[in-house]
Amino acid sequence: MRVMHAERLGGPEVLTLAEVPDPVPGPGETLVDVEAAGLNFADLKRLDGSYLPPKLPFVPGSEVVGRTADGRRVLAFAGRAFATKALAKEMVEIPEELPAGAALALLVQGMTAWHLLRTAARIAPGETVVVNAAAGGVGHLAVQLAKEFGAGRVIGTASTEEKREVVLGLGADAAVDGAADGYAERVIEANGGSQVDIVLDAVGGAVFDAAPYALAPFGRLIAYGTSGGVDPKPVDPGLLSERNIAIGGYWLGAHLNLPGSAADAPLAELIELAAAGRLRPLTGGEYELAQAGLALADLAARRTVGKVILRNR
Numbered sequence: 027m028r029v030m031h032a033e034r035l036g037g038p039e040v041l042t043l044a045e046v047p048d049p050v051p052g053p054g055e056t057l058v059d060v061e062a063a064g065l066n067f068a069d070l071k072r073l074d075g076s077y078l079p080p081k082l083p084f085v086p087g088s089e090v091v092g093r094t095a096d097g098r099r100v101l102a103f104a105g106r107a108f109a110t111k112a113l114a115k116e117m118v119e120i121p122e123e124l125p126a127g128a129a130l131a132l133l134v135q136g137m138t139a140w141h142l143l144r145t146a147a148r149i150a151p152g153e154t155v156v157v158n159a160a161a162g163g164v165g166h167l168a169v170q171l172a173k174e175f176g177a178g179r180v181i182g183t184a185s186t187e188e189k190r191e192v193v194l195g196l197g198a199d200a201a202v203d204g205a206a207d208g209y210a211e212r213v214i215e216a217n218g219g220s221q222v223d224i225v226l227d228a229v230g231g232a233v234f235d236a237a238p239y240a241l242a243p244f245g246r247l248i249a250y251g252t253s254g255g256v257d258p259k260p261v262d263p264g265l266l267s268e269r270n271i272a273i274g275g276y277w278l279g280a281h282l283n284l285p286g287s288a289a290d291a292p293l294a295e296l297i298e299l300a301a302a303g304r305l306r307p308l309t310g311g312e313y314e315l316a317q318a319g320l321a322l323a324d325l326a327a328r329r330t331v332g333k334v335i336l337r338n339r
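So this is what it looks like as structure tokens:
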């Protein structure tokens, strides 16, 4: 079978195409012929060794749409996913009519968006939700799910006018520049002069620093990424207590490792919503397996919108 692997740590450029033997399923594992694999920022961080440094040679990827030997089309968590075949332990059958890119968007990004709103932020009907990086893999789904879950107003931030148009097309009530300078003022203006209830932030850095000042009393800022930097200022406890606001974080990977299933109910709801057309996952680009390095470079440079996938033709 073919894989894209790295024999040393580094950036996307270290990935090369190789022929390796087919994997042999162990107990509880199923061999899946990979139709498409999904890309995540975690793949970049594992590749450069900054997150859970891998054993070399390393084949990135953790999610696939594919077909089992008995003909089932499945969505699955699978290690070494940048390949034509992969081993899966946990999988769910998906409709034939659901595009691979849309299905892959639901697994990590979709469940993250679901838990950000339901589990971490505890959204209540009528609340105002701000989604930073709202054209991204998690963000574009969070915009739609916030509406689905009863938000009174949804505001998305994005770095370009083109991306802001995408965000509005997803159903956001407003879309503004997500730059740190003037962030709180723009968000409040987009909410008719009122502060907001929830901010979901994948950017970090100076944007994270600015976000609390956009929150209304008892507002919640939930961090789930640091694409814009990891050097925020210390949080002022006085700011939290004076305004009764809360700052929290969410990471799907840690949640999935806890006892009980963090996946079953959210994933079932997400697949149902997508199949019914009420949730529209965006595919931010389809690349051939051999283009995995280019795909990761585009993802890192924020040149993509929505879910990025590698497809085996």
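Residue numbers (this note's numbering): 27 to 339. Ideal placement from N, C-alpha and C gives every residue a C-beta, glycine not left out.
- Counting other Cβ atoms within 10 Å of its Cβ, Asn158 reaches 16 or more and is therefore classed as buried.
- Excluding sequence positions up to five before and after Asp324, its CB lies within less than 6 Å of the CB of Thr330, all in the same chain and listed in chain order.
- In terms of Cβ geometry, Leu305 and Leu167 form a close pair [threshold 8 Å].
- CA-CA distance, Leu142 to Ile248, rounds to 7 Å.
- Excluding the 5 residues flanking it on each side, Ala210 has same chain C-beta neighbours closer than 7 Å at Ala236, Tyr239 and Ala240, in chain order.
- With at least 16 other beta carbons inside 10 angstroms of its own, Asp69 counts as buried.
- DSSP places Asp59 inside the beta strand (DSSP E), whose first and last residues are Thr56 to Gly64.
- Residue burial annotation: Asn217 is buried, with at least 16 other C-beta atoms found within 10 angstroms of its C-beta.
- In this structure the region 53 to 64 touches the region 94 to 111; the number of beta carbon pairs closer than 8 Å is three or more.
- Rounded to whole angstroms, the gap between the alpha carbons of Gly163 and Asn66 is 8 Å.
- Arg212 sits buried, since 16 or more C-beta atoms from the chains shown fall within 10 Å of its C-beta.
- Contact check for Leu82 and Ala32: beta-carbon distance about 7 Å, within the 8 Å limit, so the pair qualifies.
- Taking C-alpha positions only, Gly197 is separated from Glu174 by approximately 10 Å.
- Out of Asn283, Asp74, Pro243 and Ala62, the CA that lies nearest to the CA of Leu265 is found in Pro243.
- Scanning Gly176, Gly208, Asp207 and Thr154 for the CA closest to the CA of Gly182 turns up Thr154.
- Your pair Ile224 and Gly245 checks out as a contact, with CB atoms roughly 7 Å apart and the cut at 8 Å.
- DSSP, reduced to helix, strand and coil, places Gly92 within a strand of the structure shown.
- Here Val46 really is in contact with Val29; their C-beta atoms are around 5 Å apart, less than 8 Å.
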